[in-house]
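Line order of the protein sequences matches chains B and G. Per numbering that gives the first Met the number 0, the first sequence starts with residue 0, numbered consecutively. Per numbering that gives the first Met the number 0, the second sequence starts with residue 0, numbered consecutively. To keep things clear, I will list the structure first and then write my remarks on it.
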Amino acid sequence: MSNEKFEPVIIGFTCNWCSYRAADMAGTARMKYAPNVRLIRLMCSGRLDPTFVMKAFANGADGVLITGCHPGDCHYIEQNYKALRRFQLLRRVLNQMGVEPGRLKLLWASAAEGAIFASEINKFVEEVRALGPLGWPKEFQQVESTPVMEVTA
Amino acid sequence: MTERIGVYVCHCGTNIAGVVDVAEVSRWAGKHLAAQGVVVSRDYKFMCSSLGQELIQKDIKELGLTRVVVAACSPHLHEKTFRNASKGAGLNPYLTEMVSIREQDSWVHTDKAAATDKAKAILAGGVARVAHNTELEPLRVPIHPATMIVGAGIAGIQAALEIADAGYHVYLVEREPSIGGHMAQFDKTFPTLDCAACILTPKMFEVGSHPNITLLTWSNVEKVDGYIGNFTVTICKKARYVNTDTCTGCGICWEKCPWKVVDKVFEAGMGSRKAIYTPFPQAVPKYPVIDRENCAYFKNGKCKACQIFCPTEPNSIDFNQKDEMLEVQVGNIILATGYQLFDATRIPQYGYGRLPNVFTSLEFERMCNASGPTEGKIVLRDKKTTPKTVVIVHCVGSRDENYNKYCSSICCMQSLKYAHLVMERTGAEVYNCYIDIRTPFKDYEEFYKRVLEEGGNFIRGKVAEITDVARTPNEEGKLIVQVEDTLIGKQRRIPTDMVILSAGIEPRHDAKEVGKQFGISCGASGWYIERHPKLDPVATMTEGVFIAGCVQGPKDIPASVAQGAAASARVLGKIQQKEVALEPVRASINENQCSGCRICNNLCPFNAIAFHEDRMVSEVNPALCQGCGTCVAACPAGAISGTGFSNEQILSQIEGLLLVNVDGNLTEAVPG
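Structure, rendered in structure tokens:
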């Protein structure tokens, strides 16, 4: 295993109107990118509950990509700004938890930017690859198997 | 697991099956996702075919499926197809999910093993998610029968007439004082060479007098609220300073007005108008407007010549008129706001604006027009000398990495038309400097042939420079066009009297802002994005907002007319349905869990969340909610749920997506 190239797993959140269509466009135009990202469609990046990001890491993702419409282009007027705020907070929280902020990326992509979408995914995959595996599920297992001190009230 | 899930993996011919091992994906799902509730898993060549759909329907009936997952193309393409298929077999359509293993997998990856593993992961995500889907019913809202059309060029005019003739009301909004758009500026139209005014003005007149059309010229759309079927549009009717109830359009006011202004809009800077004016004689409506910036009365309080000479009783000139805000209710909107000409000064080496006898295409159109500044005579900037040589430069600002990469599509035919007109009216020698000649539509190639036979010279090469610096005596006093003739492989310097820059067309400078108002966005080149580039060119991502003409991309008059008619057909279809079904993706608040913190209240950009002071809880108005889900994500009490995209659905999908390792094995972390 150690000789093999590490292949990260990345969960990507897309909004229904811009970035999901950017992914569609990259597909239609047959632009190639790394197969490490698995996408989830939300209606809007504003729907991104920070829990989703934690859940992805907890279940074995090495990186999480949040994507949405460009500022000012949101289908729901301004909800991507809320995603931006949550992203900034999440990076801090993750940092405090010992997770490299580089494992979380925010990307604005319009429906016409299939090429940008594809190239940014490639970049992010390489960045996460360089960080190595996160391995939260394994850590959780270890924590569970270590005897915990009984706390009595 | 009580759900009985059916999985259907599409080959899409070789589109998916060429890269993803679909049989393996289907087999794997049947075996390893059984714990998730999968009772049947099949692959089929074309799932979207009627046979494929029947396969699903048969399984729903015979195997008692309660959920369906189709792994195929993007849900934006076929989600409706498969949901309808399920509905046909008695299953609520929202219990069927699509996952994209084509656009997101087979089309973007080359490594077959990795793509197959990714397909498994994507499918596992879909299966995990669908188990939490709930039965939903689409929201039905009535459609207001009136339509607003923005932009009254030929596309907007055509759309307005089609809808009005069908018996429904149209608000036609135009920012200029008259309708007609660019077509009204032209003299002849290719390839038939019929006179633009002769074919356009009857249509304009019809619009002006149609009982079902409310014409709002000299007006801007200020605000758009609502959604399909129920838009509330605020329109600013700018002050004309002319009372349209009494004005007869006799023209005495602009005859008497002493203030001449260069007309940069309609005459493209070639001619002038007065401070009170109609842009052209056949303008519809016939009433003039006063241009505040150039009117002496508005500048220094003196003059009033128009008012003094106005023969109507009571006097039609009203300097106290104010801008008027109008609010109208419409069910659908068509945007036909057209294009603007590429600004040729952006290419300094072509000398436009510096060398007087370099003209733009629009300037030349006005020059050719019988009612234009030179009364149809083709002359140099001195307005007397007839040119003996004319060079027409193609692709100015189009097909050019430095400006616009796209082909403006009209300039080849427009340049051929100019070549014909120059030869016909002046007998001058004409050179066309082109990159490629593109004449793809009906009778276009024949027209090219005709111009060739008439003696037009064609030089294949992009013009490098236009200069007035002579190198030889025969270049003295002339413009010199430097071009490489790529067919003979030689540099040429063509001395000429006149150059016409066949400038390309560009999206309007404010297309982006206007699009934002209507909830639609621009593509990389700035044209509005259609719902589907091939199959749905006049609809947009926003329900109830349609596009027609050059706003969607460069096109000529026949194509603009066709799109205007197409958009109106789409609108009429919506009106006839009387109501529209909206996706039931909405947020709702569980009052028992709501703590009344009001965090969600200010997050909603649609003001869909109201706070009830008496009960201290917030409530979502489903008619206003657009389903973005921001409040769902923000509620600290978890009291808000979003149908169609619930926390359970998304969290399960994350679990499902991570069920498979990159090497294709099931992860240890998750049971299964």
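Note that CB positions come from ideal geometry on N, CA and C, so glycine has one too. Please read these numbers as outputs of a predicted model, since none were measured by experiment.
For tyrosine 80/B, there is no enclosing beta strand (DSSP E); the residue is found in the alpha helix (DSSP H) stretching over 78 to 95. Identification of residues in the region 614 to 627 of chain G having a C-beta nearer than 7 Å to some C-beta of chain B yields Gln625, Gly626 and Cys627, given in sequence order.
Going by beta carbons, lysine 60/G and alanine 88/G fall inside the 7 Å limit. Fewer than three pairs of CB atoms, one per stretch, sit closer than 8 Å, so the region 115 to 129 of chain G makes no contact with the region 294 to 311 of chain G.
Contact with chain G is absent for isoleucine 120/B, since none of that chain's Cβ atoms lies less than 7 Å from the residue's Cβ.
When only Cα atoms are considered, cysteine 432/G and isoleucine 458/G end up about 5 Å apart.
Bridge partners of tryptophan 107/B according to DSSP: Gly67/B. For arginine 102/B, the CB contacts under 8 Å within the same chain, skipping 5 residues up- and downstream, are Phe56, Asp61, Gly62, Val63, Leu93, Val127, Leu130 and Leu133 in chain order. Neighbours of glutamine 95/B across chain G, judged by C-beta separation under 9 Å, do not exist; the nearest C-beta is about 20 Å away.
Between glutamine 328/G and histidine 209/G, the C-beta gap is not smaller than 7 Å, which leaves the two residues out of contact. Methionine 46/G places its beta carbon 7 Å or farther from that of cysteine 72/G. Within chain G, the residues Pro604 have their CB atoms less than 8 Å from the CB of glutamate 77/B, given in chain order.
Valine 619/G is not a Cβ neighbour of alanine 580/G, given a cutoff of 7 Å. Beyond the five residues adjoining it in sequence on each side, lysine 255/G comes within less than 7 Å, by CB distance, of Ala304, Cys305 and Phe308 in the same chain, given in chain order. The beta-carbon of isoleucine 289/G is placed no less than 7 Å from the nearest beta-carbon of chain B.
Under DSSP, histidine 531/G forms a beta bridge with Asp535/G. Per DSSP, tyrosine 447/G is one residue of the alpha helix (DSSP H) stretching across 443 to 452.
The C-beta of alanine 111/B comes closer than 7 Å to at least one C-beta of chain G.
Contacts with chain B at 7 Å (Cβ-Cβ) do not include valine 98/G.
The beta carbon of methionine 30/B sits closer than 7 Å to those of Gly113, Ala114 and Ala117, all from its chain and outside the five residues before and after it, given in chain order. Annotation: threonine 247/G is outside any alpha helix (DSSP H) and is labelled neither H nor E by DSSP.
Nearest CB-CB separation between histidine 10/G and chain B: not below the 7 Å threshold. Within the region 193 to 229 of chain G, the runs of beta strand (DSSP E) at least 3 residues long that lie entirely inside it are, in chain order, 212 to 215 and 218 to 226. A distance below 6 Å between beta-carbons, with the five flanking residues on each side excluded, links glutamate 475/G to the following residues of its chain, in chain order: Ala469. For phenylalanine 545/G, DSSP records a beta bridge to Ile333/G and Ala538/G.
Excluding sequence positions up to five before and after cysteine 394/G, its CB lies within less than 6 Å of the CB of Ile434, all in the same chain and listed in chain order. In its chain, beyond the 5 residues on either side, Tyr170 have a beta carbon closer than 6 Å to the beta carbon of threonine 213/G.
Each of Ile4/G, Lys448/G and Ser49/G was checked against the Cα of valine 68/G, and the nearest Cα belongs to Ile4/G.
In the DSSP assignment, the residues bridged to lysine 187/G are Cys194/G. Looking at the backbone, the Cα of aspartate 23/B and that of lysine 382/G are separated by about 55 Å. With a cutoff of 7 Å on beta-carbon distance, valine 220/G and tyrosine 286/G are scored as not near each other.
The alpha-carbon of lysine 477/G is positioned some 11 Å away from that of valine 498/G. Counting other Cβ atoms within 10 Å of its Cβ, lysine 573/G reaches 16 or more and is therefore classed as buried.
Here leucine 215/G is actually not in contact with isoleucine 227/G; their C-beta atoms are around 22 Å apart, not less than 8 Å. If you look at proline 506/G, you'll find it in the beta strand (DSSP E) that goes 504 to 506.
Boundaries of the beta strand (DSSP E) around glutamine 490/G: 489 to 495.
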